[in-house]
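At position 138 of the sequence shown (counting the first as 1) the number is 139 in the numbering used here, and the numbers step up by one without a gap. Where a beta carbon is used, it is the ideal one built from N, C-alpha and C, also for glycine. Computed from a prediction, not measured in an experiment: that's the story for all the values here. Let me begin by presenting the structure, written as structure tokens, before commenting on it.
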Amino acid sequence: MIILAVVIGCVLFFLLLPTLIVIPMSLSEMDYIEFPPSGLSLKWYRAYFSDPDWMAATWFSLKIALATTATATITGTMAALAIVRGRLPFRSALQALALGPMIVPHIVLGVALYLVFSPLQLTGNFFGFLIAHTVLATPYVMITVTAALQRFDPALELAALNCGANRLEAFVLVVLPNIAPGVAAGAVFAFLASFDEATVAFFISDIGGKSIGRKMFEDIDFNLTPVIAAVSTVLVAISLMLMGAIHLANAQKRN
2 MIILAVVIGC VLFFLLLPTL IVIPMSLSEM DYIEFPPSGL SLKWYRAYFS DPDWMAATWF
62 SLKIALATTA TATITGTMAA LAIVRGRLPF RSALQALALG PMIVPHIVLG VALYLVFSPL
122 QLTGNFFGFL IAHTVLATPY VMITVTAALQ RFDPALELAA LNCGANRLEA FVLVVLPNIA
182 PGVAAGAVFA FLASFDEATV AFFISDIGGK SIGRKMFEDI DFNLTPVIAA VSTVLVAISL
242 MLMGAIHLAN AQKRN
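As structure tokens, this is what we get:
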């Protein structure tokens, strides 16, 4: 057991190491990326928050991520209900198809979406990003809600129906409160899947609408400075805060 714990710890450390390195790199006072930094400064965070291009890309991504969270959460929850509670023919095949966006390489999806969106003038605008990111984020919601529904005792819903509630009332008053942690976790994953998505965004962006992932790619190619590390650190901090909030909410619910 001790050897297994050491091996797992080494693997986790190896996976986290790039993320840990980028934080001190974002505090460098030099005009180029270096590790370890020769001096500490917050100027690259000031550069990020004061740059109108970076802020425009950030707000654009934030709006898309919030809208994607809403659409993907609703769609994923409905899909999970249909798969777990419905009597659908070829249910396994439908479930595999719904999880396809997680399996198919994003670069393939990006090319396909560009070929579909370009004639429809959906590249570089809010609705194009919303559709694409909803496709990418829905499977995360479906997985977490499916797991929550499988742990939920259907007898509770039947009891509500026997007491006079209709299907909608039983879902809202009985089912939804019990699967809320799974829905909330799926919503967080949907937000993160949209907010920092870069591969598909690279294909469906243009000068009219640019996500923060596309902006990072451009700066890596043409203007590589520690501001990239600062932006990466901000994204990591947002991810950790959201996951921490979900963990605390679930812990309070169990207590």
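Cβ neighbour criterion (16 or more within 10 Å) applied to Tyr-49: For the purposes of this step, residue 49 is identified with residue 48 of the sequence shown, where counting begins at 1. That one is buried.
Three-state secondary structure assigned by DSSP to Asp-207: Translated into the one-based positions of the sequence shown, residue 207 becomes position 206. Reduced to three states, the DSSP call for Asp-207 is strand.
For Leu-82, the three-state DSSP class (helix, strand or coil): Working through the sequence shown from its first residue, we reach residue 82 at position 81. Leu-82: helix per DSSP, three-state reduction.
Closest residue to Asp-154 among Leu-16, Ala-246, Phe-172 (Cα-Cα distance): Locating residue 154 in the sequence shown gives position 153, counting from the first residue. Per the Cα distances, Phe-172.
Alpha helix (DSSP H) segment containing Val-117, residue limits: Numbered from its first residue, the sequence shown carries residue 117 at position 116. Counted as a single uninterrupted DSSP element, the alpha helix (DSSP H) harbouring Val-117 occupies residues 107-121.
Same chain, Cβ closer than 8 angstroms to Pro-31, neighbours up to 5 away in sequence not counted: In the sequence shown, the residue the question calls residue 31 occupies position 30. Checking the sequence shown, residue 31 turns out to be Met, not Pro. Same-chain partners within the cutoff: Pro-38, Ser-39, Gly-40, Pro-227.
Inter-residue spacing [alpha-carbon to alpha-carbon] between Asp-222 and Glu-158: Within the sequence shown, the letter at position 221 stands for residue 222. Within the sequence shown, the letter at position 157 stands for residue 158. About 55 angstroms.
Nearest-angstrom Cβ-Cβ length linking Ile-65 and Ser-212, presumed shorter than 8 angstroms: Translated into positions along the sequence shown, residue 65 becomes position 64. Translated into positions along the sequence shown, residue 212 becomes position 211. At roughly 7 angstroms, the Cβ-Cβ gap stays under 8 angstroms, so Ile-65 and Ser-212 are in contact.
Whole-Å CB distance - Val-189 paired with Met-244, under 8 angstroms assumed: What you label residue 189 is simply residue 188 of the sequence shown in a count that begins at 1. What you label residue 244 is simply residue 243 of the sequence shown in a count that begins at 1. Rounded, the Cβ-Cβ distance is 7 angstroms, consistent with contact.
Euclidean distance between Cα positions of Ala-186 and Ala-58: Here the question's residue 186 lines up with position 185 in the sequence shown. Here the question's residue 58 lines up with position 57 in the sequence shown. Whole-angstrom Cα-Cα distance: 25 angstroms.
Cβ-based burial, Val-112 [other Cβ within 10 Å; buried from 16]: Here the question's residue 112 lines up with position 111 in the sequence shown. Counting Cβ neighbours within 10 Å, Val-112 comes out exposed, since fewer than 16 surround it.
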